[in-house]
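Number of protein chains: 2
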Amino acid sequence: MPSRRSPSAPPADPSAAHVRSDPVYVVKAQLFRVLGHPLRIRILELLRDGERTVGDLQAELELDSSGTSQHLAALRQQSVLDSRRVGTSVYYRIRDPRISQLLAIAKEILTSALSDSHALLSDLADEARPRPRSR
Amino acid sequence: MPSRRSPSAPPADPSAAHVRSDPVYVVKAQLFRVLGHPLRIRILELLRDGERTVGDLQAELELDSSGTSQHLAALRQQSVLDSRRVGTSVYYRIRDPRISQLLAIAKEILTSALSDSHALLSDLADEARPRPRSR
DNA sequence: AGCCAATCTTATTGAGTATTAAGAATATAA
DNA sequence: TTATATTCTTAATACTCAATAAGATTGGCT
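So the protein lines, in turn, are chains A and B.
Going by the numbering used here, the letters in the first sequence line up with residues 14 to 148, in that order.
Going by the numbering used here, the letters in the second sequence line up with residues 14 to 148, in that order.
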């Protein structure tokens, strides 16, 4: 019950809640949040090259059907995935190719962040030695 | 305690845990997860046009300094933000411009998803009328 | 220097919510 | 009906968020 707060709480500036619950930001956050799970990232990478059946994904993920289904449902609920049924199998696919783009960019960001920290480590190591810096 | 299951559970294939906890997927998921909060999305949009102080952000978000600081710390911990101190103020900025790109793509995805469902609504409305489909 | 105020960070708590696994229930196709 | 695929339910655990209070750093004042 989001309308109640506590017995005698002050009005508590309602404009702050606006920022927090503004649908625009909530919807964006929900999209990112559903991507924020290792198994769901893995699912999306498996689906990057084309659609797959639930049983197929289940085997690759080494998950039970219940867990697989729940993660797929979470992604489908945010319109990240589409599904179609063929006989007894259900095929899932990425609905919008820009989702894959999102993953690719995340990978780039993390890759360069990691190489930055790697470079920093090297600099620290260099600093320990008496050799002068060339750059 | 992830090592316990139930009184007499079978060993339960340990390789499944590998997929779940593979650092590659965990790190990617953490990046998306930290973006998965409306206030943090809002912070990033405020920072898109340049750096800001904590007090500045705090005022725009209508949040207290502690809450502001905690969200900023979460983003900084995932290397999304950088900070620098000038006197008593701390300025935050987006570390990698590709983060803004991530937000822009998310916006595109959501925009087209919404216009799809809007178009679907129109189609449903048309279907209720006897007028033949022109396309 | 010594002290105070402003700014920001960190730690802690509690309430609410999400995630997980396992099993039951459901639906569909062969 | 049987097998397959998925959803629903339940319960235990874990996490997130917001709010408070305490701590640290800086600048300015006297």
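Ideal Cβ placement from N, Cα and C applies to all residues, glycine included.
Counting only beta-carbon atoms, is residue i nearer than 8 angstroms to chain B?
i        : result
ALA3/A   : Lying before the first or after the last residue shown, residue 3/A is absent from chain A, which here runs from 14 to 148.
ASP109/A : yes
ASP69/A  : no
ALA126/A : yes
Quick check on residue i - is its C-beta less than 8 angstroms from some C-beta in chain A?
i       : result
ARG65/B : no
ARG55/B : yes
ARG97/B : no
ARG18/B : For ARG18/B, the predicted model reports a pLDDT of 31, less than 50, meaning its position is unreliable and no value from the coordinates is stated.
ALA25/B : The pLDDT assigned to ALA25/B is 35, lower than 50, so where the model puts this residue is not dependable; a value taken from the coordinates is nonetheless given after this. No, ALA25/B lies away from the interface with chain A (no Cβ there is under 8 angstroms from its Cβ).
SER92/B : yes
Output the boundary residues of the beta strand (DSSP E) element that contains residue i.
i        : result
LEU94/A  : 94-99
ARG106/A : 102-107
By Cβ distance below 6 angstroms, which residues in the same chain neighbour residue i in space, the five residues on each side in sequence not counted?
i        : result
ALA87/B  : VAL47
TYR104/B : GLU64, THR66 and ARG97
SER78/A  : GLN71
Find the residues of chain B that neighbour residue i, judging by a C-beta separation of less than 9 angstroms, and give them in chain order.
i       : result
ARG46/A : PHE45, ARG46, LEU48, GLY49 and HIS50
Can you list the residues of chain B that residue i reaches, using a CB-CB cut of under 8 angstroms?
i        : result
LEU123/A : VAL40, LYS41 and LEU44
GLN114/A : ILE118
Show which residues of chain B have a CB atom less than 7 angstroms away from the CB atom of residue i.
i       : result
ASP62/A : Those within 7 angstroms of ASP62/A in chain B number zero; the least Cβ separation is about 17 angstroms.
Mind checking which residues open and close the alpha helix (DSSP H) that includes residue i?
i       : result
GLY63/A : Where GLY63/A is concerned, there is no enclosing alpha helix (DSSP H), given that its DSSP letter is neither H nor E.
HIS84/A : 78-90
PRO36/A : 36-48
If I measure Cβ to Cβ from residue i and keep anything under 7 angstroms in the same chain, skipping five residues before and after, which residues do I get?
i        : result
ARG108/A : SER92, VAL93, LEU94 and ASP95
Hey, would you say the C-beta of residue i is under 7 angstroms away from at least one heavy atom of the ligand PLP?
i       : result
LEU70/B : This structure does not include the ligand PLP; it has no bound ligands of any sort.
Identify, in the order they occur along the chain, each residue of the same chain with its Cβ nearer than 8 angstroms to the Cβ of residue i, setting aside the five sequence neighbours on each side.
i        : result
ARG53/B  : VAL47, HIS84, ALA87 and LEU88
SER102/A : THR66, VAL67 and GLY68
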